[in-house]
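Just so we're aligned, residue 72 is where the sequence shown starts under the numbering used here, counting upward by one. The structure appears below as structure tokens.
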Amino acid sequence: MIHRSDSTEPPSAPADLPETLSSATPRPSPELLPFQQLSEQLSGQLLEKDTVADLWVPSQTRVNVAGYDLPGMIYVGEQLAGVNAPVGMEPCLIRPQLKVNRTKPDRLGHWLSRWPSYSEIPSSCRAAYLQWLATGRRDPEIAIGYVYLFFYGLERRVLRDLHRAEQSWPELQEIMTEVEQLSALYGDHDSFAKDAQQFLEIVPIIATRTDLPMLPPLGHRLPRQQSPSVWRWP
């Protein structure tokens, strides 16, 4: 369930213009790479992609999107198919060409859908999400839907892409630590607490067994009553 403020009436629906390239221009620096340069440098590390522009940004790397300096552990690009067949675009994919309304970030998530996708949420929601990422992913007042949007990417990384990576255990440890910290901060949301706990129980199994098949991270796409099948291993 998406957190909403009980004392605040939802604002009028945002009248988004057609999605266009943000006017914010990334400013490169030794530690902070603009998106295209980062794509070219890391293209050899891509685990699953449609073009060079679709990639996983590792935790030690930062990338600038719409003027926000984002830490890694995210997918950034323009074309990445979702794992679940009915899903066209990968929901967690941050697409730099989509509009971001920096002047009116919707931190309370009034216009988030139950299962948000970065490509489909309003530009005010994108601004709130990017702001949350840029400030360290620890704002206790942010709508839980944004936490899920980030969590989707971690699910995909572990349950899909890391099956193809070498020396994945250090990254698995990083992701486990991140999910533990998110769970500690946002665990008052029962659904997220349960999903995070299931995820943390699965990661050690993946780390110790190399014969497991790749499983699609469908838990965040399906109604609650269908979720248990996602975690059933052969």
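Every residue gets a Cβ at the ideal spot worked out from N, C-alpha and C, and that includes glycine. Here the structure is a predicted model, which is why all the values come from computation and not from measurement.
Apart from the 5 residues on each side of it in sequence, Q268 sits with its Cβ closer than 8 Å to the Cβ of S254 in its chain, given in chain order. The three-state secondary structure of I213, taken from DSSP, is coil.
In its chain, beyond the 5 residues on either side, L243, I246, V274 and I277 have a beta carbon closer than 7 Å to the beta carbon of V229. Each residue's CA atom was taken as its position, placing R173 and S184 some 20 Å apart. A buried status is given to D266, since no fewer than 16 other beta-carbon atoms sit within 10 Å of its beta-carbon. Per the DSSP secondary-structure output, V147 pairs in a beta bridge with L126 and I165.
The criterion of a C-beta distance shorter than 9 Å is not satisfied by G180 and A137. A152 is bridged by DSSP to M160. Here the alpha carbons of A264 and L201 stand approximately 23 Å from one another. Straight-line measurement puts the Cα of P176 at about 13 Å from the Cα of Y139. The three-state reading of DSSP puts D140 in strand, counting E and B together. Bounds of the alpha helix (DSSP H) holding S194 are S194 to A205.
Per DSSP, the continuous alpha helix (DSSP H) segment holding T279 begins and ends at D261 to T279. By the Cβ-count criterion, P193 is buried, with 16 or more other Cβ atoms from all chains shown falling within 10 Å of its own Cβ.
E249 has its alpha-carbon roughly 22 Å from the corresponding atom of C196. Assignment of R133 by DSSP, reduced to helix, strand and coil, places it in the strand class. In the displayed model, D177 falls within coil according to three-state DSSP, outside both helix and strand.
At a Cβ-Cβ threshold of 9 Å, G148 and R133 do not count as neighbours. L126 and D261 have their C-alpha atoms spaced approximately 31 Å apart. Using a 10 angstroms sphere on the CB of R166, the tally of other CB atoms reaches 16 or more, which defines it as buried.
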